[in-house]
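**Q** First the structure, then my questions, so here it is.
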Amino acid sequence: MANWSEFDKGVFLVNVLGIVYNPATKKILIGRRESDPYIKELSWTFPGGRPAYEKELEQYLQEQIKIKTNLDVQVEKIVFAKTYPEKREFLSIYYLCTVASGTEQTSQAKEKFVEIQWVKPTQVKEFFTTSLHPKLFEYLKTLE
């Protein structure tokens, strides 16, 4: 693994996240993690993860959402990208996703969700313990 202190710019740990949206209920799916190894303050978040090099970002995101929620999703489009004040070397790319099939349930795998919940898009502020970019929140408002 690279020594990150050797780089002063241009190198990020990429994270792909799915805003899993149900247009019928106008709700999005969020999950709660415990003891996140990368961002200690993280609890509730969108499903996703750090992609492997072998696959397209969208394919990896679909697989991670399936593992973490049991849902098959259609990745629609990129809606936002950001770094975090808590950890600037993390770069997250947010995708709008819709449910294609499946019934949501949590996974027993390590580093996965211990709880998942459908919420109104603007309710994420009540759940998230890390920063939520104002532009991303403005986008979430359009889903209600």
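Using our numbering, the final residue of the sequence shown is 1419, and nothing's skipped along the way.
Where is the CB? At the ideal position from N, CA and C, for every residue including glycine.
Can you name the start and end residues of the beta strand (DSSP E) that Gln-1380 belongs to?
**A** Premise fails: Gln-1380 is in no beta strand (DSSP E) and is neither H nor E.
**Q** Answer with buried or exposed for Leu-1304, where buried requires no fewer than 16 other C-beta atoms within 10 angstroms of its C-beta.
**A** Leu-1304 is buried by the Cβ-count criterion.
**Q** May I have the straight-line CA-CA distance separating Lys-1385 from Arg-1308, to the nearest angstrom?
**A** Caution is warranted here: a pLDDT of 48 is assigned to Lys-1385, below 50, making its placement in the model unreliable, and the coordinate value is therefore given only provisionally. Whole-angstrom Cα-Cα distance: 10 Å.
**Q** Taking the beta strand (DSSP E) that Tyr-1296 falls in, what are its first and last residues?
**A** Where Tyr-1296 is concerned, the enclosing beta strand (DSSP E) stretches over 1288–1297.
**Q** Using the Cα positions of Gly-1377 and Thr-1300, report the straight-line distance between them to the nearest angstrom.
**A** Computed Cα separation, rounded: 16 Å.
**Q** Do Arg-1325 and Asn-1290 count as a contact pair if the criterion is CB distance below 8 Å?
**A** Their beta carbons are under 8 Å apart, which means Asn-1290 touches Arg-1325 by this criterion.
**Q** In its own chain, which residues sit with a C-beta less than 8 Å from the C-beta of Val-1295, not counting the 5 before and 5 after it?
**A** Ile-1303, Leu-1304, Phe-1321, Pro-1322, Ile-1340, Thr-1344, Leu-1346, Val-1348, Cys-1372, Thr-1373, Val-1374, listed in sequence order.
**Q** Counting along the chain, where does the beta strand (DSSP E) carrying Val-1394 start and finish?
**A** Run containing Val-1394: 1390–1394, per the beta strand (DSSP E) assignment.
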